[in-house]
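Taking it in order: structure first as structure tokens, then the write-up.
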Amino acid sequence: MSEAPDVSRQSRDALVDYVRAITPARLFLDGSASSYTTSDLLRLRADHAAARDAVAQPFATDVEWWRDVDSKDPPVHVRTLARDHTTYLRRPDLGRRMDDDSRTRLAERYAGPPRTLCVAVAGGLSAQATHSYGPALLAAISQHARRQTWTQGPLVVIDYARVGLLNDLGIVTRASVVVLLIGERPGLAVADSLSAYLAYRPRPTDTDAHRNLVAGIHERGVSIAEAAERVADLISGMLSAQRSGVALKAPDRHYDRVLPPSDLG
Amino acid sequence: MRFRTTLRGETFTFRDLRDVFAKANEEKSGDQLAGISARNEKERVAAKVVLADQSVADVVDYCFVDDDVSALIAETRRMPGSLRALTFGELRDYVLEPNFPTTWDREFRHVVTPEVAAGLAKIMGTKDLVLAASRLRVVTTCRNTQGADGTLGVRVQPNHPTDDVHGVVLSAIDGLRHGCGDAMLGVNPANDDVGSVVRLLRGLHDLIEHVAVPTQSCVLSHVTTQIASLRRGAPVDLLFQSVAGTQGANASFGVTLELLREAREEVAAHHATRRDEFPGEHFMYFETGQGTALSAEAHEGVDQLTLEARAQAVAGAFDPFLVNTVVGFIGPEYLATARQITRAGLEDHFVGKLQGIPMGADVCYTNHVDADQNSNDELMLLLATAGCNFLMGVPAADDVMLHYQSTSFQDVTATREILRRGPAPEFSTWLESQEWWRGPHTRSPRPLVGELRRALGAP
Chain A
96 MSEAPDVSRQ SRDALVDYVR AITPARLFLD GSASSYTTSD LLRLRADHAA ARDAVAQPFA
156 TDVEWWRDVD SKDPPVHVRT LARDHTTYLR RPDLGRRMDD DSRTRLAERY AGPPRTLCVA
216 VAGGLSAQAT HSYGPALLAA ISQHARRQTW TQGPLVVIDY ARVGLLNDLG IVTRASVVVL
276 LIGERPGLAV ADSLSAYLAY RPRPTDTDAH RNLVAGIHER GVSIAEAAER VADLISGMLS
336 AQRSGVALKA PDRHYDRVLP PSDLG
Chain B
350 MRFRTTLRGE TFTFRDLRDV FAKANEEKSG DQLAGISARN EKERVAAKVV LADQSVADVV
410 DYCFVDDDVS ALIAETRRMP GSLRALTFGE LRDYVLEPNF PTTWDREFRH VVTPEVAAGL
470 AKIMGTKDLV LAASRLRVVT TCRNTQGADG TLGVRVQPNH PTDDVHGVVL SAIDGLRHGC
530 GDAMLGVNPA NDDVGSVVRL LRGLHDLIEH VAVPTQSCVL SHVTTQIASL RRGAPVDLLF
590 QSVAGTQGAN ASFGVTLELL REAREEVAAH HATRRDEFPG EHFMYFETGQ GTALSAEAHE
650 GVDQLTLEAR AQAVAGAFDP FLVNTVVGFI GPEYLATARQ ITRAGLEDHF VGKLQGIPMG
710 ADVCYTNHVD ADQNSNDELM LLLATAGCNF LMGVPAADDV MLHYQSTSFQ DVTATREILR
770 RGPAPEFSTW LESQEWWRGP HTRSPRPLVG ELRRALGAP
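So the protein lines, in turn, are chains A and B.
Mapped onto this note's numbering, the consecutive letters of the first sequence carry residue numbers 96 to 360.
Mapped onto this note's numbering, the consecutive letters of the second sequence carry residue numbers 350 to 808.
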């Protein structure tokens with residue numbers, strides 16, 4: 096908590112500075128009590144436009160996801176039952192299921208002894224977030240994986256996925272831990288917030304109660320290094336406890352959340 | 350066959366009342382997701398035609414869902430013979446008669462079942478929903494009186510991303526200087542932790558006490574967290590909980606009717622012993638919204654408008670101060686477009702008022718829905734015209750914690766001016782007594798910020 100200043104003698108500008116230091120809420124705006132000033136109105140419209148554009152931006156599956164990773168294993172592209180953006184928004188159930196062709200191809204790529212890790216990337220509700228922070232976060236997670244000698248299967252790149260796709264990823268890849276990086280619903284302040292959802296050996300009936308989350312990964316939020324560390328901590332915790340979600344005692348309650356912050360489920 | 354009609358040579362048959370109700374609903378993506386909606390527009394109208402011929406008694410006696418919510422409705426609402434004898438079409442005509450409100454006020458205020466209210470809404474145009482609701486007043490009291498003719502309450506929602514008490518109190522003060530906050534100062538905590546909730550409750554209580562404003566606070570954490578905070582000595586004014594229209598969906602919220610009863614009693618006992626002589630006659634605050642039962646996978650094949658009406662009936666059983674339909678919050682899988690949100694908001698308000706519920710609305714949308722601030726303005730004006738008890742006041746309409754868009758202090762101030770409504774009478778009297786208040790158009794940030802320093806214990 097911040098100290099309350101002696102604002103009664105300060106100018107209005109000083110008050111506004113004070114307010115900005117303790118809350119991102121837009122307070123003490125100028126203008127009439129019943130309308131914004133033109134500049135405030137247009138600023139709000141611009142922020143909303145950025146959020147809308149972030150939702151509408153298509154997920155580029157041909158991004159060089161591994162550009163920061165020393166890997167010769169090409170990514171595997173899979174599709175869900177949601178085939179277009181409108182369907183994706185209105186039918187979350189379809190975004191939780193992989194199509195049959197993808198199942199076959201993914202299973203082939205994950206044949207042989209089960210891996211420790213399967214890492215997947217999806218645009219979610221902000222492809223911009225995944226594009227911006229995905230490659231660097233993938234590299235940082237891979238570094239942790241090498242240090243811990245976790246085996247990692249090929250990267251999975253998915254169009255139109257919901258968090259519930261973790262269950263299909265778990266069944267098909269047989270990996271011990273599945274990590275899904277996905278863009279969160281844009282707000283006016285932040286349009287490109289990335290989240291990492293994790294689950295230990297996810298199964299078809301698993302719910303949010305079986306998942307853990309590192310949220311708020313963006314320029315002014317959780318940094319890439321910090322996010323990768325939290326993800327690695329959660330993976331270690333899952334491997335030793337052999338479970339995830341509410342049943343997993345969080346390594347640090349400040350950053351571990353069990354339930355998703357938004358509607359990506 | 351009771352559930353069959355022929356429309357322009359095409360015969361439509363419906364399985365049962367649940368099917369008629371679902372298909373008679375206006376288009377909602379949630380009903381489509383649940384797989385229960387009309388397949389085309391003619392089928393939708395055919396269902397409305399069949400619904401209009403159903404007897405009210407048959408619908409009252411039909412079991413939409415076999416659960417404790419239905420048992421509660423049966424226990425708390427008894428439709429009189431005079432209404433049971435009508436068809437839905439006849440009841441609609443009756444409800445739209447100018448003299449209906451007088452009879453409603455005397456005899457029907459607490460008897461209409463949620464299913465009957467929802468059924469009526471399905472055979473009403475949008476103007477009908479506004480007109481019928483605008484004639485029904487539901488007045489409640491806590492530290493002020495909400496819902497009286499000529500008033501429009503505002504809940505200030507001073508959320509903060511990390512529950513910083515200074516940040517919350519500052520947002521509340523900005524609301525107060527706009528004449529907002531009579532419905533409540535109600536904050537959604539980012540953190541459902543008892544310590545954090547206690548701090549927020551104390552911060553809001555201190556502000557209310559220091560500026561002596563006749564309003565009430567609320568921290569919208571889970572009901573069990575609020576009770577734990579109360580036991581730790583925090584002052585609880587309004588007790589909040591989200592509720593839904595089926596037992597299963599309420600279970601997904603972690604509540605049962607018994608838990609709500611016990612919590613209400615504990616808060617009543619707390620109020621009886623408060624040193625500040627808490628005057629609230631009504632002190633429960635509930636939030637609802639179409640689609641919640643489906644999102645909890647507990648919709649039981651019933652459409653989302655009917656389940657919303659049932660959620661309101663649950664709230665109504667606990668003598669609420671205010672009930673809020675958070676209409677556009679839930680996302681495009683339940684309400685996909687501004688048109689669907691607008692229709693749902695007006696339906697929710699009408700079915701609530703007809704059941705005698707003090708309905709307000711959070712007119713809102715998320716950024717992945719096909720809606721914007723212009724469509725939000727439209728619903729805000731329509732709901733205020735319909736006599737909605739309260740609207741939301743969110744700084745610049747942008748919630749910095751929940752990341753969605755609602756209505757701002759400026760928006761609701763404009764609405765009050767356009768429709769000649771004022772805040773609750775006690776709150777208006779308080780405003781007039783403030784040396785800084787010269788009406789909503791001459792705001793000064795200065796005096797209340799001085800109070801902020803005292804409220805937060807600054808030297």
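Quick reminder that beta carbons are idealized off the backbone N, C-alpha and C, glycines included.
Delimiting residues of the beta strand (DSSP E) encompassing residue i
| i | result |
| --- | --- |
| His172 (chain A) | 171 to 174 |
| Ser290 (chain A) | 289 to 295 |
| Phe449 (chain B) | No beta strand (DSSP E) holds Phe449 (chain B); the alpha helix (DSSP H) holding it covers 449 to 452. |
| Ala215 (chain A) | 212 to 217 |
| Val361 (chain A) | There is simply no residue 361 (chain A) to check, as chain A begins at 96 and stops at 360 in what is shown. |
Neighbour list for residue i in chain A, Cβ cutoff strictly below 8 Å
| i | result |
| --- | --- |
| Gly516 (chain B) | Ile117, Thr118, Ala120 |
| Ala685 (chain B) | Leu184, Arg185 |
| Ser378 (chain B) | Arg185 |
Beta-carbon neighbours of residue i, restricted to chain A and to distances below 7 Å
| i | result |
| --- | --- |
| Leu440 (chain B) | Result: empty, since nearest Cβ-Cβ is about 34 Å, beyond 7 Å. |
| His752 (chain B) | Arg280, Gly282 |
| Asn673 (chain B) | Here the premise fails: no neighbours, minimum Cβ distance about 19 Å. |
| Pro510 (chain B) | Pro119 |
| Asp523 (chain B) | Leu122, Phe123 |
Near the ligand HEM: residue i beta-carbon under 8 Å from a heavy atom
| i | result |
| --- | --- |
| Gly516 (chain B) | Inclusion of the ligand HEM in the displayed structure is not the case, the ligand content being empty and no account of it being possible. |
Chain-ordered chain A contacts of residue i [CB-CB under 9 Å]
| i | result |
| --- | --- |
| Leu519 (chain B) | Tyr113, Val114, Ile117, Thr118, Ala120, Leu122, Phe123 |
| Glu682 (chain B) | Leu184, Arg185, Arg186, Pro187, Asp188, Asp358 |
Among the options, the one whose alpha carbon lies nearest that of residue i
| i | options | result |
| --- | --- | --- |
| Gly709 (chain B) | B:Val675, B:Asn725, B:Ala720, B:Asp721 | B:Val675 |
| Asp208 (chain A) | A:His172, A:Gly248, A:Ser237, A:Asp194 | Going by the sequence as given, residue 208 (chain A) is Pro instead of Asp. When only C-alpha atoms are compared, the closest one is A:Gly248. |
| Leu732 (chain B) | B:Asp407, B:Glu784, B:Phe457, B:Asn673 | B:Asn673 |
| Arg427 (chain B) | B:Val405, B:Gly438, B:Glu439 | B:Val405 |
| Ala763 (chain B) | A:Ala109, A:Thr118, A:Ala128 | A:Ala128 |
| Gly311 (chain A) | A:Arg280, A:Glu203, A:Leu139 | A:Arg280 |
| Ser318 (chain A) | A:Leu261, A:Leu122, A:His239, A:Leu232 | A:Leu232 |
| Gly229 (chain A) | A:Ala270, A:Ala322, A:Ala116 | A:Ala322 |
| His698 (chain B) | B:Val543, B:Ala593, B:Leu478, B:Thr360 | B:Leu478 |
| Leu579 (chain B) | B:Thr511, B:His619, B:Ala666 | B:His619 |
| Ala482 (chain B) | B:Thr778, B:Glu766, B:Gly736, B:Phe776 | B:Gly736 |
| Thr182 (chain A) | B:Leu501, B:Glu682, B:Cys713 | B:Glu682 |
| Glu784 (chain B) | B:Pro563, B:Arg526, B:Glu766 | B:Arg526 |
| Asn537 (chain B) | B:Lys476, B:Thr511, B:Ala746, B:Val408 | B:Thr511 |
| Thr354 (chain B) | B:Thr691, B:Glu615, B:Arg388, B:Val394 | B:Val394 |
| Leu684 (chain B) | B:Asn599, B:Gly379, B:Asn374, B:Thr362 | B:Gly379 |
| Asp365 (chain B) | B:Ile385, B:Gly771, B:Gln596 | B:Ile385 |
| Ala151 (chain A) | B:Asp719, B:Pro789, B:Arg787, B:Phe739 | B:Asp719 |
| Gly265 (chain A) | A:Ala215, A:Leu184, A:Ser130, A:Thr246 | A:Ala215 |
Residue i, enclosing alpha helix (DSSP H) - first and last residue
| i | result |
| --- | --- |
| Gln783 (chain B) | Element bounds for Gln783 (chain B): n/a, residue is neither H nor E. |
| Asn307 (chain A) | Run containing Asn307 (chain A): none in the alpha helix (DSSP H); it sits in the beta strand (DSSP E), 306 to 312. |
| Tyr443 (chain B) | 437 to 444 |
| Asp711 (chain B) | Per DSSP, Asp711 (chain B) belongs to no alpha helix (DSSP H); it is in the beta strand (DSSP E), 708 to 711. |
| Arg138 (chain A) | 133 to 151 |
| Leu334 (chain A) | 319 to 336 |
| Tyr228 (chain A) | 222 to 242 |
| Ile422 (chain B) | 417 to 425 |
| Ile576 (chain B) | 572 to 580 |
| Asp721 (chain B) | Premise fails: Asp721 (chain B) is in no alpha helix (DSSP H) and is neither H nor E. |
Chain B residues whose Cβ lies nearer than 9 Å to that of residue i
| i | result |
| --- | --- |
| Tyr131 (chain A) | Ala745, Ser757, Gln759 |
Partners in chain B for residue i, counting only beta-carbon separations shorter than 8 Å
| i | result |
| --- | --- |
| Leu139 (chain A) | Gln722, Ala745, Ala746, Asp747 |
Interface partners of residue i on chain B, CB under 7 Å
| i | result |
| --- | --- |
| His305 (chain A) | Under the 7 Å cutoff, chain B gives no residues; its nearest Cβ is about 15 Å from His305 (chain A). |
(Q) As an exercise, report each continuous beta strand (DSSP E) stretch of at least 3 residues that is fully enclosed by the region 735 to 766 of chain B, in chain order. (A) 739 to 742
(Q) If the cut-off is 7 Å on Cβ atoms, which residues from the region 280 to 294 of chain A count as contacting chain B, listed in chain order? (A) Arg280, Pro281, Gly282, Leu283, Ala284
Q. Using a beta-carbon distance cut-off of less than 7 Å, what residues from the region 147 to 173 of chain A approach chain B?
A. Arg147, Val150
Q. Where are the alpha helix (DSSP H) runs, 4 residues long or more, that stay fully inside the region 257 to 284 of chain A, in chain order?
A. 260 to 268
Q) Given a limit of 8 Å on CB to CB distance, which residues of the region 552 to 576 of chain B reach chain A? A) none
Q: Output the residue ranges of the alpha helix (DSSP H) runs that lie fully inside the region 587 to 617 of chain B and measure 4 residues or longer, sorted by chain position.
A: 596 to 601
Q: Determine which residues of the region 219 to 235 of chain A have a Cβ less than 8 Å from any Cβ of chain B, and write them out in chain order.
A: Leu220
Q: Report the residue ranges of all beta strand (DSSP E) runs contained in full by the region 175 to 205 of chain A; include only those spanning at least 3 residues, in chain order.
A: none
Q) What residues in the region 762 to 774 of chain B bring their beta carbon closer than 7 Å to a beta carbon of chain A? A) Thr762, Ala763, Glu766
Q) Can you list the alpha helix (DSSP H) stretches of 4 or more residues lying completely in the region 651 to 713 of chain B, in chain order? A) 653 to 665, 687 to 703
Q. Which of the residues in the region 694 to 718 of chain B, read from start to end, lie with their CB under 9 Å from any CB of chain A?
A. Thr715, Asn716, His717, Val718
(Q) Runs of 4 residues minimum, wholly inside the region 511 to 565 of chain B: which ones carry the alpha helix (DSSP H) assignment? (A) 514 to 526, 543 to 560
(Q) Report the start-end ranges of each alpha helix (DSSP H) in the region 456 to 509 of chain B that is 4 residues or longer and not cut off at the edges. (A) 463 to 471, 475 to 483
Q) What residues in the region 310 to 329 of chain A bring their beta carbon closer than 9 Å to a beta carbon of chain B? A) none
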